[in-house]
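Take a look at the structure below.
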């Protein structure tokens, strides 16, 4: 009994000397940023745009969320942030930011200049999606909402949808920072344009980067999909639509086939000459099912093989066109330089790689195999 009482007294006394954390940020005392953007202005100035969420009455009580778009110009990201604090009531918090848009012109400069403020702030949401916008980020945020969806949520979901369809990699602020330190691999960011016909933002492929600078070159969604397959970045949903050579019959307008990719296996082979990398060959094997081909029920296995062979030829041509675009943009998206540094270090020279990458021979070979043709058969 005495021992139990002693333990109780000891615990009570211990709680009196324990320290506690009073470092807290109340939502009611903060203005939350749900989207941010950077644009280039004349005289080397930067325009920063914040989408600030007006919480107001909770949605559960019949309230409606709305955005306030605030944009200022300054000499640096930190300068614009300080200006924001002077014109926005309460404490500005970017901890809930889910989207960062880079205007086309500002992305053609070293984007680390804009992202430095995020890398140094421990409260920055490093999982926020990052993308390049055709034109200006400010103009995209001024749309405010698309239908009943706020522009930040709409654009974020647009990017995530492209990731699920193997049209874009999951590029976050944190990943952009890691790639900026990698001498042997470049990256690509989602490219967002504005579709005048439907009056809505549209995912328009990938923007190719050399180190931390947008090269101005872009890939279409179809090209992006094939590039990601060559880089072993297949997502859960991957469909390839390709037109075939034979003329449409039976009244069909086009003669296309859609392949649902079930499995893809890329393999990179290197050859060297005179102590340097001479050639890199990418062998991509695609195994899939026919998801659409109304011209023929494909009852004969020979017909399926003919389609697979033609797809192999067409996708091989497309893949080699993509590799040519990568070299012209000096974008080592496939990480060939990283492989040289890791596995062939004797031929690796980070200073020479800038010029060597554009001179090596890149070749792609795509082989398509069709497993199934649908439930009708």
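In my numbering, the protein residues as written are 807 to 1183.
We put the beta carbon where it would ideally sit given N, CA and C, even for glycine.
Roughly how many angstroms separate the alpha carbons of residue 1164 and residue 937, rounded to a whole number? 26 Å
Which residue spans inside the stretch 1078-1138 form an unbroken beta strand (DSSP E) run of at least 3? 1082-1098
State the DSSP-derived secondary structure class of residue 1074, mapped to helix, strand or coil. strand
Report buried or exposed for residue 893, applying the criterion of at least 16 other Cβ atoms within 10 angstroms of its Cβ. exposed
Using only the alpha-carbon positions, how far apart do residue 1078 and residue 1036 sit? 21 Å
Alpha carbons only, please: which of 1051, 846 and 840 is nearest the one belonging to residue 1062? 1051
Quick one: what does DSSP say residue 1026 is sitting in, helix, strand or coil? coil
With a cut-off of 8 Å on the beta carbons, I'd call residue 903 and residue 943 a contact; round off their distance for me. No, residue 903 and residue 943 are not in contact; Cβ-Cβ is about 13 Å, not under 8 Å.
From 1041, 953, 941 and 1020, residue whose alpha carbon lies closest to that of residue 1005: 953
Have a look at 1040, 1068, 885 and 995 and flag the residue whose alpha-carbon is nearest the alpha-carbon of residue 1026. 995
Just list the residues that DSSP pairs residue 1171 with in beta bridges. 1089
For residue 1044, which residues of its own chain have a beta-carbon under 6 Å away from its beta-carbon, when the five flanking residues on both sides are left out? 972 and 1067
Say whether the stretch 885-900 touches the stretch 910-921, bearing in mind that this needs 3 or more beta-carbon pairs closer than 8 Å, one atom from each stretch. no
Whole-Å CB distance - residue 1166 paired with residue 1084, under 8 Å assumed: 7 Å
Would you list the residues sitting across from residue 849 in a DSSP beta bridge? Paired residue(s): none; residue 849 is not in a bridge.
I need the straight-line Cα distance from residue 840 to residue 900, nearest angstrom please. 7 Å
Let me check understanding here. Comparing Cα to Cα, which of 877, 979 and 960 lies closest to residue 927? 979
Within this structure, are the beta carbons of residue 1110 and residue 1171 separated by less than 8 Å? no
Cβ shell of residue 1029 (< 6 Å), same chain only, five flanking positions each side left out: 1128
Using CA coordinates, which residue listed in 945, 1159 and 1096 is at the minimum distance from residue 857? 945
Round the Cβ separation of residue 986 and residue 1017 to the nearest angstrom and send it over; I've been treating them as touching at under 8 Å. 7 Å
Does residue 891 pass the burial test, meaning 16 or more other C-beta atoms within 10 Å, or should it be called exposed? exposed
Buried or exposed, going by whether 16 or more other CB atoms sit within 10 Å of the CB of residue 1138? buried
Could you check what DSSP says for residue 1047 in three-state terms: helix, strand or coil? strand
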